[in-house]
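Taking it in order: structure first as structure tokens, then the write-up.
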Amino acid sequence: MTGPAAVAARELARAHAAGERDVIHTVRTAFDRADEVGPGGENLNCLLSSDREAALTAAEALPAGALALRGVPVVVKDNIATLDLPTTCASRVLEHYVSPYEATVVRRLRDAGAIIVGKSNLDEFAMGSSTEHSAFGPTRNPVDRSRVPGGSSGGSAAAVAAGIAPIALGSETGGSVRQPAAFCGVVGVKPTYGRVSRFGLVAFASSLDQVGVFGRTVDDAALGLAVIAGHDPRDATSAAEPVRDHGGERGAPLRGLVVGRPREYFADSLDPRIVALCDRAAETLRAAGAEIRDVSLPHTALAIPAYYVIAPAECSSNLARFDGARYGLRVEGDGLSAMYEATRSRGFGDEVIRRVLLGTWVLSAGYYDAYYRKAMQVRALIADDFDRVFAHGVDCLLTPTAPTPAFPLGAIADPYEMYLSDVFTVTANLAGLPGISVPAGRVDGLPIGAQLLGRRFDEATLFRAAFAIEAALGEEAHR
Amino acid sequence: MTIDEAGLRRVAALARLRLAGDRLHALSSQVGSILEHMAALQAVDTANVPPMSAAPTAASALRADDGEPLPLAIPRDRFAPAWRDGFFLVPRVASHEGEPTGDA
Amino acid sequence: MTAGAWEMVVGLEVHVQLRTRTKTFCDCAVAFAAPPNSNTCPVCLALPGALPVLNGRAVELAVRAALALGCTVHEDSRFARKHYFYPDLPKGYQISQYDRPLATGGEVGIGGDDALAGKRIGVTRLHMEEDAGKSVHDRFPMATAIDLNRAGVPLIEIVSEPDLRSAREAGAYLRALRRLLDYLDVSDLNMEEGSLRVDANISIREAGSESFGTRTEVKNLNSFSGVERALDAEYARQVAVVSSGGSIEQQTMLWDESRGEIRPARAKEGSHDYRYFPDPDLPPLRLDPAWITAMRDALPELPDARRLRFERDLALDPVDADALVADPMIADYFESLARNHGDAKTAANWVMGEVRAALKSSDGGIATFPVPPEALAGVLDLVRDGTVSTTAAKRVFAVMREERMSGSSTGAREIAEREGLTQVGDADQLEQWVDDAIAADPDTWARLVAGERKLLGVFVGSVMQRSGSRADPRKVSQLLSARAAAP
Ligand SMILES: [Mg+2]
Ligand SMILES: [Zn+2]
Chain W
521 MTGPAAVAAR ELARAHAAGE RDVIHTVRTA FDRADEVGPG GENLNCLLSS
571 DREAALTAAE ALPAGALALR GVPVVVKDNI ATLDLPTTCA SRVLEHYVSP
621 YEATVVRRLR DAGAIIVGKS NLDEFAMGSS TEHSAFGPTR NPVDRSRVPG
671 GSSGGSAAAV AAGIAPIALG SETGGSVRQP AAFCGVVGVK PTYGRVSRFG
721 LVAFASSLDQ VGVFGRTVDD AALGLAVIAG HDPRDATSAA EPVRDHGGER
771 GAPLRGLVVG RPREYFADSL DPRIVALCDR AAETLRAAGA EIRDVSLPHT
821 ALAIPAYYVI APAECSSNLA RFDGARYGLR VEGDGLSAMY EATRSRGFGD
871 EVIRRVLLGT WVLSAGYYDA YYRKAMQVRA LIADDFDRVF AHGVDCLLTP
921 TAPTPAFPLG AIADPYEMYL SDVFTVTANL AGLPGISVPA GRVDGLPIGA
971 QLLGRRFDEA TLFRAAFAIE AALGEEAHR
Chain Y
40 MTIDEAGLRR VAALARLRLA GDRLHALSSQ VGSILEHMAA LQAVDTANVP
90 PMSAAPTAAS ALRADDGEPL PLAIPRDRFA PAWRDGFFLV PRVASHEGEP
140 TGDA
Chain S
-14 MTAGAWEMVV GLEVHVQLRT RTKTFCDCAV AFAAPPNSNT CPVCLALPGA
36 LPVLNGRAVE LAVRAALALG CTVHEDSRFA RKHYFYPDLP KGYQISQYDR
86 PLATGGEVGI GGDDALAGKR IGVTRLHMEE DAGKSVHDRF PMATAIDLNR
136 AGVPLIEIVS EPDLRSAREA GAYLRALRRL LDYLDVSDLN MEEGSLRVDA
186 NISIREAGSE SFGTRTEVKN LNSFSGVERA LDAEYARQVA VVSSGGSIEQ
236 QTMLWDESRG EIRPARAKEG SHDYRYFPDP DLPPLRLDPA WITAMRDALP
286 ELPDARRLRF ERDLALDPVD ADALVADPMI ADYFESLARN HGDAKTAANW
336 VMGEVRAALK SSDGGIATFP VPPEALAGVL DLVRDGTVST TAAKRVFAVM
386 REERMSGSST GAREIAEREG LTQVGDADQL EQWVDDAIAA DPDTWARLVA
436 GERKLLGVFV GSVMQRSGSR ADPRKVSQLL SARAAAP
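Taken in sequence, the protein lines are chains W, Y and S.
For the working numbering, count along the first sequence from 1 and bump the result up by 520.
For the working numbering, count along the second sequence from 1 and bump the result up by 39.
Oh and the third sequence: position 465 is 450 in the working numbering, straight run, nothing missing.
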């Protein structure tokens, strides 16, 4: 890897401030790398838009002094509002839409001196687990072009894996950062619900959505999170918890740390090679002083059914605003209803339509209690499972991030089978917990991620363990 | 509990989606099979379980009544699909579409 | 069955716009008649990614209203999404409170009107919600124009129990409710500007029945009198349908004020499935019970209590007391006048007579009335101590109003003296005017002397006129009686 992503983001920012590296050169290198993997080259299709001139102008306009991300190239998922690049959500309905305002997380990136390289591809409106459901073509996995990068934040994961930028923003609703991080062999963190502002993140399922961060390394992810985290008065669900830079957890001792191994995440049907890699990661923690303890989260199997009631229900509501009246695509029809229907039927792809229909159904008269209310009760049971384990002295949990490595493009046609790709990640979204995926090794040359889940607002413990795994495995994590 | 084509058509109308015959057919079987997996929820005893609060953060943050609106970097007429004299324009509400009877 | 055998059953839904500076969930200004869409932002335009944050002042005003209605204000209430597609509803849903409203279980007392006085109407619930925008259908051909300035403006919806039994009762309830809200200063309460809107649910049943008939919802009610006329019309329609063997269909009816007609709305009830669910963008609204108590303690004196106090402490009769409390600022003016002058009854007469007449003939309200109650008390004092006649006092008041409008602050006594309006009690002067009056009409005087006592008033009037209203009418009357008795 030769791009700026080969250098840690923290070091890059320091070197820029110290005058040891030229910001303009760094930004050019990032764009050059994007070109190499772009349409004329490997054609990963990880970026939907980028603007080299605008980025260089922004780089030249950086104020003097030390900034956390001074001159660091960052990629932003295309469902996060930016002023200078379109925000399409990989949907026809927003194909040419440029946001008149900017997301809080993007403003925080810019204030920290980051340079936005481009907007990354995703499953339309973040609905999917492979980035194949983009209206603008699938993204390919840089590790193996014949395979998916995971999703929905596949473009961001691929951009970091391909070395365009050391840091990228993604978004999570059911694992859309952790799962593609695992598939592409990078680090992906999904913060506690409320840790990061959702203002400017185009809503898919508001009670589950959270902006997440990809890093080439654990420290890149920690730095990116430190910049974007914190209370935002424009998001009533954002928390007023103090924010720390978890880079400080690197090398922190693990003595006394209790790591749970939930048996429901290690079913007999799971690929034993994935189990072995997770156990190897657990072993590195044990060797560093942690205690590994078998635990049970009995309602885990209900997570996918609950998730696929709640997420589509909220999605059907959140996507009602795409009606062709005020912005975005309008397909004219004879009268108002015809315009609505033509716009929405042509503007949304099949996966989005499936979820809108599913969500409308479960909220409709006579079905609300049986589906939505029931799912919210089950959700409470799933959250209770975690609370109970954490209340009994377990500090974090270690699981596989996904049940399989990256699968070939087009391999999964059945929607429900695709949903099962999130089986180990949706639980954290349902319970509002933080999670992180770190590279744990490879199976058949394909990256496998180990997932750490923790208490609400205790990202620190996750980073401490993630740093330890990263340090212990070294290059083994990518072999 | 599952969904037939008529049910799906009703739901599509509520969601303002018009689905051609074969698309509707395919979707109804897909949505139907997804719903079958949801049956697992019905088997869970939740008699004494309060539903999880929709917004997991605890406190409700209230806003002071003295803020300035977030400015629009792009004027409204530039992002509006149709605009005239300061108004967003939509196709004339046809007589059969009626007025909403449930609005504020 | 005759119409008289059918009882009208009515419940009202009243939407009241709260008087805030900004909208419910965004920082846009709330302003009437601003250029279209000028008060819109990413949040109220429902741009992708924008989020609502609740206006604390709107909560305060809603809680005030709920407490004044005697409702229980809940420590934990929720916002839900109510879904339907319409171009003036930008998000495709309205944020409204549904299964966990802000407040429940209050009542409104109907006062004043003799026949209805004392009746109390139950309030089922009071909840907060946001307004929709405005669709303009007649401005452009082939297109509907959308103005979203009003989208997101804070409202409370006050739902009454079906306790109302006549159109007149519905009108009295609305007037009592408006008076109450006026006291709280929570809204402009202007029906023309849409800051107060009324929908009615109406059904009929056989007199004496305890069950309810199928109800219709009547919309497009633009005034309180319109509500009364619409209810009578809908009542008559329902009675006619049922009397001829038909049955009432649950539907929405629209009132056409100009034609005085009621007709069914085009969209059928039941075609709506609002798919309510708790809004995940908004945490539950949690209110501290101590704060709710403090809000209750800070409520102003409400019209019912004030009316009773006027009757009890100031010895006003119920009709006067009710009229005075109708407008809280008028009532304040009256109280200050009574305190400064000392005689509540006189103060009441002046406020309801001269002051109200003066307000009616000018554009301003009591807030901008040029004569403060302390100054008017000076005028009333002059009458009581016999310095001016009541007639002259009215003249002093008129002059004072005129002068105060141009910034003068001259007192009542000074005006009375300068204008020569002080009463003349001097016997010689009075005798002179009496002589003149008799000399001017000797024939009538002769009839009076002959015993036609009712003619005394003619001569009192004549003397008063000669004196320029400055003569003390009591003394004039005594003097004339004495002369007639001993000519
Ligand atoms: Mg309402
Ligand atoms: Zn606004």
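Where is the CB? At the ideal position from N, CA and C, for every residue including glycine.
Scan the stretch 838 to 866 of chain W for residues whose Cβ lies nearer than 9 Å to a Cβ of chain S and list them as they occur along the chain.
Asn838, Leu839, Ala840, Arg841, Phe842, Asp843, Ala845, Arg846, Tyr847, Gly848, Leu856, Ser857 and Tyr860
Applying the 10 Å Cβ sphere with the 16-neighbour rule, what's the burial state of Asn563 of chain W?
exposed
Ligand 2 and Val38 of chain S: does the residue's C-beta get closer than 6 Å to at least one heavy atom of that ligand?
Checking every heavy atom of ligand 2 against the Cβ of Val38 of chain S, none is found closer than 6 Å.
Shorter than 7 Å from the beta carbon of Asp104 of chain Y to some beta carbon of chain S?
Yes, Asp104 of chain Y lies at the interface with chain S (some Cβ there is under 7 Å from its Cβ).
Given Trp430 of chain S, which residues of its chain have a CB within under 6 Å of its CB, disregarding the five upstream and five downstream residues?
Ile423
Please list, in chain order, the chain Y residues whose beta carbon lies closer than 7 Å to that of Met127 of chain S.
Arg131
In chain S, which residues lie with their C-beta within 7 Å of the C-beta of Ser726 of chain W?
Pro265 and Asp266
Less than 6 Å between the CB of Val28 of chain S and some heavy atom of ligand 2, yes or no?
yes
How far does the beta strand (DSSP E) with Leu1000 of chain W in it reach, from first residue to last?
Because chain W in this structure spans residues 521 to 999, residue 1000 of chain W falls outside the shown range and cannot be described.
Can you tell me which of S:Ile277, S:Val304 and S:Asn205 puts its alpha carbon nearest to the alpha carbon of Asn334 of chain S?
Taking only the C-alpha atoms, the option nearest Asn334 of chain S is S:Val304.
Kindly indicate which residue of S:Ala290, S:Ser447 and S:Val171 has the alpha-carbon position closest to the one of Val419 of chain S.
Residue S:Ser447 is the option with its Cα nearest to Val419 of chain S.
Examine chain S for any beta-carbon lying closer than 7 Å to the beta-carbon of Gly125 of chain Y, and answer yes or no.
Closer than 7 Å to some Cβ of chain S, the Cβ of Gly125 of chain Y qualifies, so yes.
I need the DSSP call for Arg976 of chain W, collapsed to helix, strand or coil.
coil
What's the C-alpha gap between Gly638 of chain W and Asn565 of chain W?
12 Å
Apply the 10 Å Cβ neighbour rule to Asp752 of chain W and answer buried if 16 or more other Cβ atoms are within range, or exposed otherwise.
Buried: at least 16 other Cβ atoms inside 10 Å.
From Leu849 of chain W to Ala121 of chain Y, what does the alpha carbon distance come to, in whole angstroms?
11 Å
Cα separation between Glu213 of chain S and Ala221 of chain S?
When only Cα atoms are considered, Glu213 of chain S and Ala221 of chain S end up about 12 Å apart.
Evaluate contact between the stretch 760 to 767 of chain W and the stretch 976 to 995 of chain W, counting only Cβ atoms and requiring at least three cross-stretch pairs below 8 Å.
yes
Are the Cβ atoms of Arg49 of chain S and Val171 of chain S separated by less than 7 Å?
One thing to note: Arg49 of chain S has its Cβ within 7 Å of the Cβ of Val171 of chain S.
For a contact meaning CB atoms closer than 8 Å, what does Tyr78 of chain S contact in chain W?
Ser837 and Ala840
For Gly255 of chain S, count neighbouring Cβ atoms within 10 angstroms of its own Cβ and tell me buried if that reaches 16, exposed if not.
Residue placement at Gly255 of chain S cannot be trusted, given a pLDDT of 47 that sits under 50; the coordinates are not used to answer.
Under 7 Å, Cβ to Cβ, is there at least one residue of chain Y near Pro249 of chain S?
no
Taking 6 Å as the cut-off, is the CB of Glu114 of chain S close to at least one heavy atom of ligand 1?
Remark: the shortest separation between the CB of Glu114 of chain S and any heavy atom of ligand 1 falls under 6 Å.
Which residue from W:Val680, W:Leu532, W:Ile932 and W:Phe645 puts its Cα closest to that of Gly694 of chain W?
W:Phe645
Between Ile141 of chain S and Val1 of chain S, which are expected to be in contact by the criterion C-beta below 8 Å, what is the C-beta distance as a whole number of angstroms?
5 Å
Can you name the start and end residues of the alpha helix (DSSP H) that His76 of chain Y belongs to?
Gly60 to Gln81
On a CA-only basis, which of S:Arg135, S:Asp428, S:Thr129 and S:His68 is nearest Asp116 of chain S? Give me that one, please.
The option with the nearest alpha carbon to Asp116 of chain S is S:Arg135.
Determine which residues of the stretch 868 to 885 of chain W have a Cβ less than 7 Å from any Cβ of chain Y, and write them out in chain order.
Ile873, Arg874, Val876, Leu877, Leu878, Thr880, Trp881 and Ser884
Hey, Ile824 of chain W and Val731 of chain W: beta-carbon distance below 7 Å or not?
no
Against Lys894 of chain W, what residues of chain Y qualify as contacts under a CB-to-CB distance less than 8 Å, listed in chain order?
Near Lys894 of chain W (Cβ distances below 8 Å), the residues of chain Y are Leu80, Gln81, Val83 and Thr85.
Closer than 7 Å by C-beta to Tyr939 of chain W: which residues in its own chain qualify, once you throw out the five before and the five after it? Chain order, please.
Ile824 and Tyr828
Does DSSP put Tyr785 of chain W in a helix, in a strand, or in coil?
helix
Check whether the stretch 796 to 808 of chain W and the stretch 960 to 971 of chain W are in contact - that is, three or more C-beta pairs closer than 8 Å.
Flag = yes, the stretch 796 to 808 of chain W and the stretch 960 to 971 of chain W touch.
If you check the beta carbons only, do Arg150 of chain S and Met(-7) of chain S fall under 7 Å apart?
yes
Does the beta carbon of Ala397 of chain S sit closer than 7 Å to a beta carbon anywhere in chain A?
Chain labels in this structure do not include chain A; the protein chains are W, Y and S.
Tell me the residue span of the alpha helix (DSSP H) that contains Cys798 of chain W.
Pro792 to Ala807
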